[in-house]
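Quick note, the sequences are listed as chains A and B, same order. Read in this note's numbering, the first sequence has 240 at position 240, and its numbers run on one by one without any break. Read in this note's numbering, the second sequence has 1283 at position 283, and its numbers run on one by one without any break. Glycine included, C-beta positions come from ideal geometry on N, C-alpha and C. This report refers to the structure that appears directly beneath it.
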Amino acid sequence: MSTRSGSSSASSLRRLALPMAALLLLLLFNFLFTPGFFAVEVRDGRLYGTLIDILNHGSKIGIVAIGMTLVIATGGVDLSVGAVAAIAGAAAAHLIVSGSSPPVAIASGLILGVLAGAWNGILVTMLRLQPIVATLILMVAGRGIAQLITNGLIITYDSPTLTFIGNGSLGGLPFPVMMLAVVLAITAILARRTAIGLFVECVGDNAAAARMSGVPDRAVKLLAYASCGLCAGLAGLIECSYIRAADANNAGMLLELDAILAVVLGGTALTGGRFSLIGSVLGAMLIQILTKTLYMQNVSADIAPAPKALVVLVVCLLHSPALRQRLANLVSRRAGA
Amino acid sequence: MKLIPSPRHIPMLATAVVLVGAFSLGSALYPNFASWGVIRNLLVDNAFLGIAAIGATFVIISGGIDLSVGSVMAFTSILIASLIEQHGVHPIPASGLALILGAAFGLGQGALIQAFRLPPFLITLAGMFLARGLAFAIHPQSLGIRDPFIATTINESLTFSLPLGPRGIQIPLTVDLFIAAAIVAWLVLTGMRFGRAVHAIGDDEHAANLMGLPVARTRIAVYGISGFMSAFAGVVFALYQQSGDPASCKGMELDAIAAVVIGGTLLRGGVGSVIGTVMGVMVFGLIQTMIAFQGDLSSWWTRIVVGVLVLTFLVLQRGVEWVGRRRN
């Protein structure tokens, strides 16, 4: 038992080595070439600076990435998180404007997120649709639903509570960072201190074998998708809090891409099985630092996706067993000759 | 006995029923709906989507997916607009270069997917980012094409009239290109050895390998075709809009996939047809037309109705597979 946990922590460290190295490389680059990147100042008992900004926006991606990690670990994927975020934000803002109390609005946004996730889970488990396809439906229809809620308008609201979610601070750090910490802690406890994490990995490794050994594979998948929906809903609330408005057309745009990339960068295999929550959070921060670095090097927000894509391709290739196999063959052939 | 269709054809027959049903419903609800003008607009407004969806049909039959379609279209449209307007290149070589680049882009994606066993959706997702960023790098805003060759020669002289309806209808070149692409794709998929290999890979890659089919070459070619067709759709889009726009065609890959699914192609691969896809594109267009005719419905309903239709067809596909298994 001790050897198993020893080897697994060693392998998880190995998996984290790549994102850590990339992270340090980017920070080094900014240390050398971006003046003021590491400047942090305290104003009104609150930290300000580029790094804090990265933590803040990276937390939104990180929260979604945690939910996405669970889904990907079961061997699935959720393409609808951006649309679900738009629905949650639109619903919360709409309820605030129509006179509901902030707690009701926030709870409704989160519940809608869970329902959307559960819907995806039902399509995957009951109808046995491929996850890409099942979540594609909500990705297409979800933004339409969000538009219907806002009636196609950008809803601005005035609510200190909802505004606090994205703009408030706790202990000097932006509130989204705290929420990320809480989401990570709860998920980590459930995943590592109960059997749920093991079940998720079993289902992702081999769903049929998991079922044979008595793992409730459908319930596990349903739980993973519902959790992912909840995380997407929370991210939607953060996003609509950042701009103090719900914009159904642009909220959560490309969120699914950033979240999936964060998970992949963090070393969780897209084929399912072993997962790393910390890795995904690191991945999210990595993406946000990359984005911020590009902006600070005066790359326009429109062009920024291109270098991001190249980074993703390189990381995917480095993670690919096929490439490792080829390199290993090459090395052994050289050694043999 | 021959009157009972084989289970694998049921989704496509359902598409035909939905197409006829939607058109009949529109004609019953709205005056002036059942006209040659509406049919003409259906073809003109969806020609570029149709061409993109034909490319997506190849990929989906082979069991893959291509999410880079919309970005490659946008890249192509702004590339040719920039070449023609800013660099004085004639439209024909400009379009030719765009088509070559599109095919090369697709081949590159296919090679990565095949050589390193990477998931298609991930590689084409990265491709989607890359092409979109490159499109903005060429020119950050939309760019009108005022070249007389496109405005006059292609969009006016090559438009021909069909004596249908009271005033006849004008069919532009873009519709001819769509129909030609559909016919060629249909011939390739049904009549050529390559087309059968595409089906075989989607059905069972392992079996295809054992049969000695060139799996690697076929898979890479399929993504090359999708890239080429995306670029082709981008050219048609630029002709249709008479402009290039790096921000255009967002989500077009989803529309294309939706049209392919509504057209009865199985998303797990192996079964599908170009005829179904063309019908799927027409159903997609009819939904938009009906929502426009209704007048008081917002255009976001299109997304919701398309989502529901896709779900319906996926459930139907599941049902057909289930019946097929029980027969065996």
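Inset, instruction - Answer with yes or no whether the minimum CB distance from V1320/B to chain A is below 8 Å. - result: Not one chain A Cβ lies under 8 Å of V1320/B.
Legend entry - Assigned exposure category for W1322/B - 16 Cβ within 10 Å defines buried: exposed
Legend entry - Closest by C-alpha distance to L1314/B, when choosing among L79/A, I96/A, L123/A: Out of L79/A, I96/A, L123/A, the CA that lies nearest to the CA of L1314/B is found in L123/A.
Legend entry - Local Cβ density within 10 Å of M126/A, reported as buried at 16 or more and exposed below that: exposed
Inset, instruction - Specify, as a first and last residue, the run of the alpha helix (DSSP H) that S1230/B falls within. - result: Counting along the chain, the alpha helix (DSSP H) containing S1230/B begins and ends at 1215-1241.
Legend entry - CB-CB length for A1258/B against V1188/B, believed under 8 Å: About 23 Å; that fails the 8 Å criterion.
Legend entry - Residue nearest to I1330/B in terms of C-alpha spacing, selected from I1113/B, Q1241/B, T1015/B: Look at the range of chain B in this structure, 1001 to 1328, and you will see that residue 1330/B is not part of it.
Inset, instruction - Tell whether a beta-carbon distance below 8 Å holds between F1105/B and G1127/B. - result: yes
Inset, instruction - Check the Cβ of D78/A against every Cβ in chain B and list those closer than 9 Å, keeping chain order. - result: Per Cβ cutoff of 9 Å: no residues; D78/A is ~12 Å from chain B at best.
Legend entry - Cβ neighbour criterion (16 or more within 10 Å) applied to R4/A: For R4/A, the predicted model reports a pLDDT of 38, less than 50, meaning its position is unreliable and no value from the coordinates is stated.
Inset, instruction - Quick one: residues in its chain with C-beta nearer than 6 Å to the C-beta of I137/A, no 5 flanking neighbours on either side, listed in chain order? - result: none
Inset, instruction - Output the distance between the C-alpha atoms of M185/A and V281/A, rounded to the nearest integer angstrom. - result: Reading the sequence as shown, one finds Ala at residue 185/A and not Met. Near 12 Å, if we compare the C-alpha coordinates of V281/A and A185/A.
Inset, instruction - Within 10 angstroms of the Cβ of L162/A, are there 16 or more other Cβ atoms? Answer buried if so, exposed if not. - result: Residue burial annotation: L162/A is buried, with at least 16 other C-beta atoms found within 10 angstroms of its C-beta.
Legend entry - Selection of the stretch 1145-1162 of chain B by Cβ proximity to chain A, strictly under 9 Å: Those residues of the stretch 1145-1162 of chain B placed with their C-beta closer than 9 Å to a C-beta in chain A do not exist.
Inset, instruction - Assuming S1077/B contacts A1238/B (C-beta within less than 8 Å), just tell me the rounded distance between them. - result: About 4 Å separates the two Cβ atoms, so the contact holds.
Inset, instruction - Apply the 10 Å Cβ neighbour rule to M1211/B and answer buried if 16 or more other Cβ atoms are within range, or exposed otherwise. - result: exposed
Inset, instruction - Run through the stretch 1138-1184 of chain B for me and flag every whole beta strand (DSSP E) of 3 or more residues, listed as ranges in chain order. - result: 1160-1162, 1169-1171
Inset, instruction - Could you tell me whether the Cβ atoms of I1080/B and V1235/B are closer together than 8 Å? - result: yes
Legend entry - CA nearest to the CA of G204/A, picked from L55/A, G142/A, T271/A: Taking each of L55/A, G142/A, T271/A in turn and checking the Cα distance to G204/A, the smallest one comes out for T271/A.
Legend entry - Cβ pair A90/A, A248/A closer than 8 Å: A contact, by the Cβ cut-off of 8 Å.
Inset, instruction - Quick one: list the residues of chain B neighbouring I132/A, beta-carbon separation under 7 Å, in chain order. - result: Scanning chain B for C-beta atoms nearer than 7 Å to the C-beta of I132/A yields I1065, F1121, reported in chain order.
Legend entry - Inter-residue spacing [alpha-carbon to alpha-carbon] between A191/A and D53/A: 29 Å
Inset, instruction - Consider the Cβ of G1227/B: report whether some Cβ of chain A lies at a distance smaller than 8 Å. - result: no
Legend entry - Within-8 Å CB hit, R1167/B to chain A: It does not: the Cβ of R1167/B has no partner Cβ on chain A nearer than 8 Å.
Legend entry - Beta-carbon proximity check, L55/A vs G121/A, cutoff 8 Å: no
Inset, instruction - Just tell me which of A284/A, A88/A, I278/A has its CA closest to the CA of I149/A. - result: A88/A
Inset, instruction - Take L70/A as the anchor and find which of V312/A, D258/A, E201/A has the nearest alpha-carbon. - result: Selected option, being the one with the closest Cα: E201/A.
Legend entry - Beta-carbon proximity list for G172/A, same chain, < 8 Å, skipping 5 on both sides: V42, G45, R46, L47
Inset, instruction - Would you mind telling me which residues of chain A sit closer than 7 Å to V1306/B, beta carbon to beta carbon, in chain order? - result: V140
Legend entry - Three-state class that DSSP yields for L1101/B in the structure shown: Per DSSP, reduced to three states, the secondary structure at L1101/B is helical.
Inset, instruction - Would you list, in chain order, the members of the stretch 298-316 of chain A that have their beta-carbon closer than 8 Å to a beta-carbon of chain E? - result: Among the protein chains in the structure shown, which are A and B, there is no chain E.
Inset, instruction - Count the CB pairs spanning the stretch 317-327 of chain A and the stretch 1144-1153 of chain B that are closer than 8 Å, and state whether there are at least three. - result: no
Inset, instruction - Locate the alpha helix (DSSP H) running through G142/A, then write down its first and last residues. - result: Under the DSSP assignment, G142/A falls in the alpha helix (DSSP H) whose first and last residues are 131-150.
Inset, instruction - Mark D217/A as exposed unless 16 or more other C-beta atoms lie within 10 angstroms of its C-beta, in which case mark it buried. - result: buried
Inset, instruction - May I have the straight-line CA-CA distance separating L110/A from L234/A, to the nearest angstrom? - result: 6 Å
Inset, instruction - Kindly identify the DSSP beta-bridge partner or partners of R43/A. - result: R46/A
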